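*Asks:* Here it is, the structure in full.
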Amino acid sequence: MLKILTETDGVSGNERAIAELISSYATPFCDECVIDNMSNVICRKKGKKGDKTVLLCAHTDEVGFIINKITDDGYLKFETVGGVETKILLSQKVRKGDIKGVISLKAVHLTDKDERDKIPEENDLYIDIGASSKSDALNYVEVGDYFAFDSDYIEQGNMIKAKALDDRVGCAIMLEMLKKEWDCNLICAFVTCEEVGHIGALTALENISADYAIILEGTTCNDMCGVPDEKRVTKSGGGIAVSVMDYGSVANPELVNILIKIAEENGINWQYKASVRGGNDARVVSVSKGGIKTASLSVPCKYIHSPVSVMNKNDFKSGIELVSKFLENAEEL
Amino acid sequence: MDTEMILKKLADECSVSGFESGMCETVKELMLPFCDNVKINRFNSVICHKKSENGNGKKVMIEAHLDQIGMIVTGIDEMGFVKFMSVGGIDKRILPCSEVYILGSEKVYGVIGSKPPHITENADKNKMPDIGELLIDTGYTKAELNEKISVGDSIVLKSDLVKLAGETVCSSALDNRAGITAVISAASQIEKTEYDMYYVFASEEELGLHGAYPVTREINPDYAVIVDVTHGMTDDTKSETGVFRLGCGAVVCKGPALNPDLSKRLTDIAKNNGIKFETEVVSGHSGTNAWAVQKSRGTCKTALVSVPLKYMHTAVETADISDINEVSRLVADAIKEGLENA
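Quick note, the sequences are listed as chains A and B, same order.
Its first residue numbered 0, the first sequence is counted upward by one per residue in numbering that gives the first Met the number 0.
Its first residue numbered 0, the second sequence is counted upward by one per residue in numbering that gives the first Met the number 0.
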């Protein structure tokens, strides 16, 4: 399932296809599954007892590109959508459906030393779809079209590499939770446009009330030699990561302690997210309505926001186990 | 013979300079129907001989280099990340977030990692990393990797052949799969000829034209036509000279290191036969095997014909199939109609 989720394109603002895919997986297991005007997918599942409501939230959008101009020679100028570093863009493949393109610059032989050391500027870059002119390019694309990274899902040993692990991994965990029956009520919100300002979540939250919320994410993992321990943020294979705070929110300490206790009691591999940089939908979820006790659980993803993000399968499994155990116990909290 | 089909077969093979043996076998298999015998010399160059019809023809060498740029394993660190250096002039700017295959006793997939935006310090933010700072992540531990790869194994950029708009294709190593394809296709168009033909695919061009020197001395040709790639015009080079729009046809090179009569003969044939072409000027070293051939045998009349290629030495080298076809037609017609002006 994670393969299909990551290989389906859904750049922020263009999530309809991924919303429909998620809805098709989720609907058989919910009491209600709605796609709203923002392409958020909200799934509701009544609990066997139903005194408590847990909201799980993950975003469906991924970083990518939007075309802002077509040159006379048929090249596509673009802006990045979400946080993409131009440092990684040379020699990359992108796609819009079946239309393939490449991002690169003039060959290295034609550069001088300064050009070779310089990180390219976004407005120097372009997507080449092989069009011979502007009118030829207009057969395939128009200004405002979205392109995603063209990257396939690969498994090797414990490693999974794919684009958009941030945050299709969160979506995958939520789809697993929908398959089972719980004592508590469950709301799964698959929200859009997180990467560009939590716009989807803000919309979705207007109609959601919950006692607890867990944001499920993919997060930074800088687990390489030469990176000081305190800058690794999370360790790959170190288990599901529990956040204490980030740029936008402070995790509810009571909920954090419950999650850690459940992990310890059940032998689930977990770690702290050792950085307060970055942010996710917790910043809007926690302050919605009268406030919801919110925490974030994240799967460590190396090379996040790139076409080659990498996670450890075991961290993914730990995430599924911890969220499951939490839902099992939520009614009694 | 279908150009795309040849390209796909070549794309399945890896031939980093010095590690060409697999590609030698693939090229041999593709060339056998069009020549009398094929041998692979001590330096991993492939030499395909087609005897002249009348037995005393002049020797003609049509050559395209067999190797591609790549990398080589230099070590495995404690966490299982693979250290490497480049083989041939790889563009270091493309390496962060590239996908590779390490060709050990197993083919191991890997990713060249880059620090994420959330973490990058402001000073690092302004610099492209050097090759020595990059590491390949395979997901394996050091112990697991030691079973599969070794220091000295070659590494290639992962890139499947992809079709873009029109007849444009994209892949790593179109330098020089495009040239090899043009030569194989030309050979398929030549049934009988007065010339003693040598279709040669030389090794280690990317390291300094190494394979071309010994093979030229071995064959001792009277004429040589080298088929390689040249720079395609991109959005950021549109006002420069020496770059060629994809779809412009075969690019014939002129300059002091090439024989002017043979270069003119090629452009005359192109004009007469309605083959699209452009002329490239190189005032010194062409950076191709033409230089090595001319240096090894001053008596050999040497020409250079190229396929325009965008983004050379990256994983997304881009060419137009129609240009490959024009090059192969030009070479084949030149052999059929003779390499001397009437």
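Note that beta-carbon positions come from the ideal geometry of N, C-alpha and C, so glycine has one too.
Quick caveat: nothing in here was measured; it's all calculated off a predicted structure.
Can you tell me whether aspartate 343/B is helix, strand or coil according to DSSP?
*Replies:* Chain B is shown from 0 up to 341; residue 343/B falls before or after that span and cannot be answered.
*Asks:* Consult DSSP for asparagine 64/A and reduce its assignment to one of helix, strand or coil.
*Replies:* Here residue 64/A corresponds to residue number 65 of the first sequence, with the count starting at 1. Reading off the sequence shown, one finds phenylalanine at residue 64/A, where the question assumed asparagine. Three-state result, phenylalanine 64/A: strand.
*Asks:* Within a Cβ cutoff of 6 Å, which residues of the same chain sit near leucine 321/A, ignoring the five residues on either side of it in sequence?
*Replies:* Against the first sequence, residue 321/A aligns to sequence position 322. Ile239, Ala262 and Ile267, listed in sequence order.
*Asks:* Using the beta-carbon of each residue, which ones in chain B are nearer than 9 Å to arginine 115/A?
*Replies:* Within the first sequence, the letter at position 116 stands for residue 115/A. Within 9 Å Cβ-Cβ: Asp90, Lys91, Arg92 and Met127.
*Asks:* Is the stretch 43-58 of chain B touching the stretch 177-195 of chain B, taking contact as three or more C-beta pairs under 8 Å?
*Replies:* Contact between the stretch 43-58 of chain B and the stretch 177-195 of chain B is present, because at least three Cβ pairs lie under 8 Å.
*Asks:* Might you give, ordered along the chain, the residues of its own chain that have their beta carbon closer than 8 Å to the beta carbon of methionine 0/B, omitting 5 neighbours on each side?
*Replies:* By 1-based counting over the second sequence, the position of residue 0/B is 1. Excluding residues within five positions, the ones whose Cβ falls inside 8 Å are Ile183, Ser184 and Ser187.
*Asks:* Give a yes or no on whether 8 Å exceeds the smallest Cβ distance from isoleucine 87/A to chain B.
*Replies:* Walking along the first sequence from the start, residue 87/A turns up at place 88. Yes, its Cβ sits closer than 8 Å to a Cβ of chain B.
*Asks:* Is the beta carbon of aspartate 182/A closer than 8 Å to that of lysine 324/A?
*Replies:* To locate residue 324/A, count along the first sequence from 1; it is residue 325. To locate residue 182/A, count along the first sequence from 1; it is residue 183. Contact flag unset, no.
*Asks:* With the cut-off set at 8 Å, would you say threonine 167/B and threonine 317/B are in Cβ contact?
*Replies:* To locate residue 167/B, count along the second sequence from 1; it is residue 168. To locate residue 317/B, count along the second sequence from 1; it is residue 318. Yes, the pair counts as a contact, with Cβ atoms nearer than the cut-off.
*Asks:* Which two residues bound the contiguous alpha helix (DSSP H) that contains asparagine 184/A?
*Replies:* Counting from 1 along the first sequence, the entry for residue 184/A is found at position 185. Where asparagine 184/A is concerned, there is no enclosing alpha helix (DSSP H), although the beta strand (DSSP E) it sits in stretches over 184-190.
*Asks:* From isoleucine 69/A to lysine 99/A, what does the alpha carbon distance come to, in whole angstroms?
*Replies:* Taking the first sequence and counting its residues from 1, one reaches residue 69/A at position 70. Taking the first sequence and counting its residues from 1, one reaches residue 99/A at position 100. So the two alpha carbons sit approximately 16 Å from each other.
*Asks:* At 7 Å on the CB atoms, spell out the chain B contacts of glutamine 155/A, in chain order.
*Replies:* As a first step, residue 155/A must be located in the first sequence, where it is residue number 156. Residues of chain B passing the Cβ test: Tyr108, Thr137 and Gly138.
*Asks:* Could you tell me the alpha carbon to alpha carbon distance between glutamate 105/B and lysine 147/B, rounded to whole angstroms?
*Replies:* Position 106 of the second sequence, counted from the start, is the residue given in the question as residue 105/B. Position 148 of the second sequence, counted from the start, is the residue given in the question as residue 147/B. Rounded to whole angstroms, glutamate 105/B to lysine 147/B spans 5 Å at the Cα level.
*Asks:* Answer yes or no: do alanine 181/B and valine 45/B have a C-beta to C-beta separation smaller than 8 Å?
*Replies:* Numbered from its first residue, the second sequence carries residue 181/B at position 182. Numbered from its first residue, the second sequence carries residue 45/B at position 46. No, these two residues do not count as a Cβ contact at 8 Å.
*Asks:* Let me know if isoleucine 3/A comes out buried or exposed under the rule of 16 or more other beta-carbons within 10 Å of its beta-carbon.
*Replies:* Mapped onto the first sequence, residue 3/A falls at position 4. Classification of isoleucine 3/A: exposed, given that the 10 Å Cβ count is below 16.
*Asks:* When you compare the CB positions of lysine 95/A and valine 33/A, do they come within less than 8 Å of one another, or not?
*Replies:* If you number the first sequence from 1, residue 95/A lands on position 96. If you number the first sequence from 1, residue 33/A lands on position 34. Result no, Cβ atoms of lysine 95/A and valine 33/A do not sit closer than 8 Å.
*Asks:* Would you kindly report the start and end of the unbroken alpha helix (DSSP H) that includes serine 16/B?
*Replies:* Locating residue 16/B in the second sequence gives position 17, where the first residue counts as 1. That residue, serine 16/B, is in no alpha helix (DSSP H); it is neither H nor E in DSSP.
*Asks:* Note down, in chain order, each residue of its chain lying with its Cβ closer than 8 Å to the Cβ of arginine 115/A, except the 5 sequence neighbours on either side.
*Replies:* Counting from one through the first sequence, the residue named residue 115/A turns up at place 116. Excluding residues within five positions, the ones whose Cβ falls inside 8 Å are Val107.
*Asks:* Looking only at its own chain, which residues have a Cβ that is under 8 Å from the Cβ of phenylalanine 33/B, when we skip the five neighbours before and after it?
*Replies:* Numbered from 1 along the second sequence, position 34 holds the residue referred to as residue 33/B. Closer than 8 Å at the Cβ level, and outside the excluded window around phenylalanine 33/B, lie Cys47, Lys49, Ile183, Ala186, Ser187, Ile189 and Tyr198.
*Asks:* With a threshold of 16 other CB atoms inside 10 Å of the CB of leucine 185/A, please say whether the residue is buried or exposed.
*Replies:* Within the first sequence, the letter at position 186 stands for residue 185/A. So leucine 185/A counts as buried.
*Asks:* Compile a chain-ordered list of the residues in the stretch 76-104 of chain A whose CB is closer than 9 Å to at least one CB of chain B.
*Replies:* For the stretch 76-104 of chain A, which is checked against every Cβ of chain B, the residues closer than 9 Å are Lys76, Gly82, Val83, Glu84, Lys86, Ile87, Leu88, Leu89, Ser90, Gln91, Lys92, Ile98, Lys99, Gly100, Val101, Ile102, Ser103 and Leu104.
*Asks:* Just reading off the alpha helix (DSSP H) that leucine 160/B is part of, what are its end residues?
*Replies:* Counted from its first residue, the second sequence places residue 160/B at position 161. Careful: leucine 160/B lies outside any alpha helix (DSSP H) and carries neither H nor E.
*Asks:* Could you please give me the residues that DSSP links to cysteine 47/B through a beta bridge?
*Replies:* Along the second sequence, read from residue 1 onward, the residue named residue 47/B stands at position 48. Beta-bridge pairing links cysteine 47/B to Val37/B and Tyr198/B.
*Asks:* Beta strand (DSSP E) containing tyrosine 222/B: first to last residue?
*Replies:* For the purposes of this step, residue 222/B is taken as the residue at position 223 of the second sequence. From DSSP, the beta strand (DSSP E) with tyrosine 222/B extends over 222-230.
*Asks:* By alpha-carbon positions, which one of Phe83/B, Lys141/B and Ile111/B ends up nearest to proline 95/B?
*Replies:* Numbered from 1 along the second sequence, position 96 holds the residue referred to as residue 95/B. Ranking the options by Cα distance to proline 95/B, first place goes to Ile111/B.
*Asks:* If you follow the beta strand (DSSP E) that asparagine 175/B is part of, which residue opens it and which one closes it?
*Replies:* Position 176 of the second sequence, counted from the first residue, corresponds to residue 175/B. Element bounds for asparagine 175/B: not the beta strand (DSSP E) but the alpha helix (DSSP H), 173-187.
*Asks:* Let's test the definition: count the other Cβ atoms within 10 Å of the Cβ of leucine 31/B and tell me whether it reaches 16, buried, or not, exposed.
*Replies:* Taking the second sequence and counting its residues from 1, one reaches residue 31/B at position 32. Burial call: exposed.
*Asks:* Compare the beta carbon distance of tyrosine 211/A and alanine 329/A with 8 Å and say whether it is the shorter of the two.
*Replies:* The residue you call residue 211/A lines up with position 212 of the first sequence. The residue you call residue 329/A lines up with position 330 of the first sequence. Yes; because the gap between Cβ atoms is below 8 Å, this pair is in contact.
*Asks:* Give the residues of chain B in contact with histidine 58/A, contact being defined as C-beta atoms less than 9 Å apart.
*Replies:* Your numbering for residue 58/A matches position 59 in the first sequence. Going along chain B, no residue has its Cβ under 9 Å from histidine 58/A, so there is no contact; the nearest lies around 16 Å.
*Asks:* Any beta-carbon of chain B closer than 8 Å to the one on leucine 1/A?
*Replies:* Within the first sequence, numbered from 1, the residue matching residue 1/A stands at position 2. Cβ-Cβ to chain B under 8 Å: no for leucine 1/A.
*Asks:* Give a yes or no on whether 8 Å exceeds the smallest Cβ distance from serine 170/B to chain A.
*Replies:* Locating residue 170/B in the second sequence gives position 171, where the first residue counts as 1. No, because no Cβ of chain A sits closer than 8 Å to the Cβ of serine 170/B.
*Asks:* Distance, Cα to Cα, asparagine 258/B vs alanine 302/B?
*Replies:* As a working mapping, residue 258/B is identified with position 259 in the second sequence. As a working mapping, residue 302/B is identified with position 303 in the second sequence. Their Cα atoms are separated by approximately 6 Å.
*Asks:* Please report whether the beta-carbon of valine 307/A lies at a distance below 8 Å from any beta-carbon of chain B.
*Replies:* Looking up residue 307/A in the first sequence gives position 308. With 8 Å as the cut-off, valine 307/A counts as an interface residue toward chain B.
*Asks:* At a Cβ threshold of 8 Å, is tyrosine 125/A touching chain B?
*Replies:* Taking the first sequence and counting its residues from 1, the one referred to as residue 125/A is at position 126. Answer yes: the Cβ-Cβ gap between tyrosine 125/A and chain B drops below 8 Å somewhere.
*Asks:* State the Cα-Cα distance for the pair proline 306/A and leucine 254/A, rounded to the nearest angstrom.
*Replies:* Counted from its first residue, the first sequence places residue 306/A at position 307. Counted from its first residue, the first sequence places residue 254/A at position 255. Proline 306/A and leucine 254/A: Cα-Cα distance of roughly 33 Å.
*Asks:* At the level of alpha carbons, what is the spacing between arginine 393/A and cysteine 220/A?
*Replies:* Here chain A covers residues 0 to 332 and nothing more, so residue 393/A does not appear.
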